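Written below as structure tokens is the structure these notes are about.
Residue numbers (this note's numbering), protein chains in the order written: chain A, 2 to 162; chain B, 178 to 787.
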């Protein structure tokens, strides 16, 4: 407990990655693991955002295509492609496919500008759901990091359907 | 006039010029002095006139003052009286007129009416109430005085300055007259002085001329006359003149001395000449006889020597022809000998050249064989190098595999480190230290990945280089093989050539020996011929010498004859000349009549000789 006191509350860690040249990040506490060797089992009747199942040490996880969720065009898997698996508390055993994994960054809370949540938006229609994936923007030294909310990913697929 | 001579002429001419100049000078001096005198007198006269004028003015002024004073005195006297009577008035007026200059006086009352007047006529004073009409007042000066006395308030006084004027002008005229007189006197005196001067100078000139004439006559003309006399005697070829030397002056003395010395010299020379001429004529006669004898002797000698010379010339010609023939033979043999020597040298050089060729050929053969061996070694080495290259390529490929493996490991490590970071984060504050380690590992993984990539690239470059090298080595080995083949063929050819050249060399050596023998033989021959030619040439030279000597003897004899002829002729000419000389010298009288007798004797002698 005395150690937790020493930790500055204002600091947060993000796991960063790249998608179609853009720079994104998710809270590191939401991430469970990063996997480099993926053997996907496709689910042919599933929507295109769902890439398939993957078997990680005996546990089966669902893998989503984050490019499609963020309205980018889909892309073949290559050497740099990685799968981010999330904690069960974020959603039930699932991960997302990213183009390239980046560093873990630690930033001051003051540098993050959160998106103001608007209650009125919820009933306005599906077009705004993608905007809901974004939580805010973090000002790094040389660039801006768009922070995504991992807990909204599964809902986005469901809404789309 | 011709008799007068130089001196008189010079004197007359110069004295005439001096006289003329004197007259002109005198005239000019007189003119100038007169001018100065006139100028002086005029100056004085004008000065005097000025003076008189000033004096006149002064006198007039004084007169006026004096009269005024007198008038004032009269007035004062009258003022002193209480009552003025007519008698006093008339007395007073008469007193006024006592002065010689005062001519009239008028007393007037207050209205300026004259009531009493006095005037002078012929030096008598007359008194009346008024001046008579006839009395002329215009030529007199006037003084007008207000007396201040009521009865006689105005007095007019007339006076004349004429007397003073006349006196002063008379004085002036007198002075001028005196001046003129003095001038005339000076004039007369000057004229006398000038006349005496002129006469004095004339007298001096005349005296000077006379002195000059006498001195010239004594010092110049007398010696000149003497000289003329001497020259007249010399004209007549009389050298026995004696010149008297008196002491005139050093120039003339030197001249006379010189002439006397000249005369003496001439005298001795002429007497010598006369003696010599006599002797000459005698000796010339003797010479003529001797020369004639000589001529006859030399003619005989010449004819004899000529015959000997002809004979010797013939002998010399014969010997010469023999010598020439022998020399020709010797030359021919020498040319043969030189040709054979040249031949021998050529053959010798050919033999040497062939030997050198053979040795160089064998050298070339050795080189070619060595080249073949080297080429074989090179082929082996090239093959070895190719193998090494292959091994290198394999090794590079293996290294490529290793680098790929390293890259894979690096990826794995990266993932591991990321996961570790995630785990550390989820562990919260407890995993804080571990997250740092994980970050370090991640960086290490990235670095190793980069290094692996770099290695891969480099190895690709190495592989490319090795393949190129391999190609190059195969090319090289093929070229070396070709070289090997060609060097083998060269070595074979060289061996064959060496054999041929050795044969040639053997033949050349043989030829060389033979040529040497020939040369020796010919040299012996040439030496013998040379010695013969030399001997004959010496004989010919001796003969030549003899003939030339005999010829020179004959020439000398003929020359002698000519010379004796010439001597004869010269003696005759000499004889004539001596006669002529005598004729020329005889008229000179050297001293006295004794010598003339001698001359006559010599003439007689000469005639006898002739």
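Note that beta-carbon positions come from the ideal geometry of N, C-alpha and C, so glycine has one too. Because the structure is a prediction, the values reported are computed rather than measured.
Assign residue i to one of three DSSP states: helix, strand, or coil.
i: residue 584/B; result: helix
i: residue 1/A; result: What the structure shows of chain A is the stretch from 2 to 162, and residue 1/A is not part of that stretch, so it cannot be assessed.
i: residue 271/B; result: helix
i: residue 369/B; result: helix
i: residue 336/B; result: strand
i: residue 66/A; result: strand
i: residue 306/B; result: coil
i: residue 413/B; result: coil
i: residue 294/B; result: strand
i: residue 123/A; result: Note that residue 123/A scores a pLDDT of 48, beneath 50, so its modelled location is shaky and nothing firm can be said.
i: residue 155/A; result: helix
i: residue 287/B; result: coil
i: residue 658/B; result: helix
i: residue 670/B; result: helix
i: residue 282/B; result: strand
i: residue 142/A; result: coil
i: residue 209/B; result: helix
i: residue 610/B; result: helix
i: residue 321/B; result: strand
i: residue 21/A; result: coil
i: residue 92/A; result: coil
Under 8 Å between C-beta atoms, does residue i make it to chain B?
i: residue 147/A; result: no
i: residue 98/A; result: no
i: residue 51/A; result: no
i: residue 168/A; result: For chain A, the structure presents residues 2 to 162; residue 168/A sits outside this window and is missing.
i: residue 66/A; result: no
i: residue 37/A; result: yes
i: residue 130/A; result: Per-residue confidence for residue 130/A stands at a pLDDT of 49, beneath the threshold of 50, marking its modelled position as unreliable; the derived number appears in the next sentence. No, no contact with chain B.
i: residue 126/A; result: Confidence is the limiting factor: at residue 126/A the pLDDT is only 45, short of 50, which leaves the residue's position unreliable and the question unanswerable from this model.
Interface residues of chain B around residue i at Cβ under 7 Å?
i: residue 102/A; result: 595
i: residue 32/A; result: 599
i: residue 29/A; result: 599, 602
With a threshold of 6 Å on Cβ separation, who are the neighbours of residue i within its own chain once the five nearest residues in sequence on each side are excluded?
i: residue 727/B; result: 485, 486, 489
i: residue 126/A; result: Confidence in residue 126/A is poor, its pLDDT being 45 and thus under 50, which makes the residue's placement too unreliable to answer from.
i: residue 576/B; result: 636
i: residue 188/B; result: 386, 389, 390
i: residue 665/B; result: 549
i: residue 703/B; result: 510, 511, 514
i: residue 382/B; result: 192, 195
Quick check: what's the CA-CA separation for residue i versus residue j?
i: residue 738/B; j: residue 471/B; result: 8 Å
i: residue 645/B; j: residue 607/B; result: 59 Å
i: residue 634/B; j: residue 623/B; result: 17 Å
i: residue 587/B; j: residue 553/B; result: 51 Å
i: residue 249/B; j: residue 345/B; result: 28 Å
i: residue 526/B; j: residue 548/B; result: 32 Å
i: residue 651/B; j: residue 546/B; result: 24 Å
i: residue 196/B; j: residue 379/B; result: 7 Å
i: residue 713/B; j: residue 497/B; result: 9 Å
i: residue 229/B; j: residue 324/B; result: 36 Å
i: residue 314/B; j: residue 281/B; result: 9 Å
i: residue 147/A; j: residue 96/A; result: 19 Å
i: residue 506/B; j: residue 710/B; result: 8 Å
i: residue 413/B; j: residue 750/B; result: 30 Å
i: residue 102/A; j: residue 151/A; result: 16 Å
i: residue 466/B; j: residue 445/B; result: 32 Å
Excluding five sequence neighbours on each side, which residues of the same chain lie with their C-beta closer than 8 Å to the C-beta of residue i?
i: residue 75/A; result: 49, 66, 68, 69
i: residue 556/B; result: 654, 657, 658, 661
i: residue 357/B; result: 218
i: residue 560/B; result: 654
i: residue 565/B; result: none
For chain A, check one thing: does any of its Cβ atoms lie closer than 8 Å to the Cβ of residue i?
i: residue 794/B; result: Shown here, chain B extends from 178 to 787; a query on residue 794/B therefore has no answer.
i: residue 592/B; result: yes
i: residue 588/B; result: yes
Can you determine whether any heavy atom of the ligand FMN sits closer than 7 Å to the C-beta of residue i, and answer yes or no?
i: residue 579/B; result: This structure does not include the ligand FMN; it has no bound ligands of any sort.
Tell me which same chain residues have a C-beta within less than 7 Å of the C-beta of residue i, skipping the five on either side of it?
i: residue 225/B; result: 349, 352, 353
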